[in-house]
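Each residue of the sequence shown is one higher than the last, beginning at 1456 in the working numbering. What follows is a short report on a single structure.
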Amino acid sequence: MTPLRLLSEAEDELRAAARFYEAEQEGLGRALLQEVRRAFRFIREYPLASKIERGEVRARPVARFPYRIYYRARSDEILVIAIGHRRRRPGYWRGRK
């Protein structure tokens, strides 16, 4: 499988979302992390299966949560550039490399 790497901004977004959901309901933050890990496994196994969002950036929805994982599939790695809410600040991640 292709290795997967997260930009620090994507890591920060994931941590913030998990904290938010955990504060809303105990266990919900962990559930988000579990669904994100499941999406990561799918992306690693099928890096070109998710729809192209813009240019070479693909988007994979996170099951049960209103988030998407934005990534670039390269021959040597998968680079996760953002983990963003589907409806908040669309396209904010576009300047990330």
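Every residue, glycine too, gets a C-beta built ideally from N, C-alpha and C.
Compare the C-alpha of ARG1493 against each of GLU1508, GLU1464, ALA1537 and ARG1515 and name the closest. ARG1515
Rounding to the nearest angstrom, what Cα-Cα distance links ILE1536 and TYR1526 in this structure? 5 angstroms
For ALA1504, the nearest candidate out of ILE1533, ARG1460 and GLY1484 (CA to CA): ILE1533
Hey, out of ARG1519, PHE1497 and GLY1550, whose CA is closest to THR1457's CA? PHE1497
For PRO1502 and GLU1479, I'd like the C-alpha separation in whole angstroms. 32 angstroms
Keeping to the same chain, check which residues put their C-beta closer than 7 angstroms to that of ARG1474; ignore five residues upstream and five downstream. GLY1484
Between the beta-carbon of ARG1543 and the beta-carbon of ARG1509, is there less than 8 angstroms? no
Thinking ILE1538 and GLU1468 are a contact (beta carbons under 8 angstroms), I'd like their distance in whole angstroms, please. 5 angstroms
If I follow the unbroken beta strand (DSSP E) through ALA1504, where does it start and stop? That residue, ALA1504, is in no beta strand (DSSP E); it is neither H nor E in DSSP.
For PRO1516, write down the residues that DSSP places opposite it in a beta bridge. ARG1523
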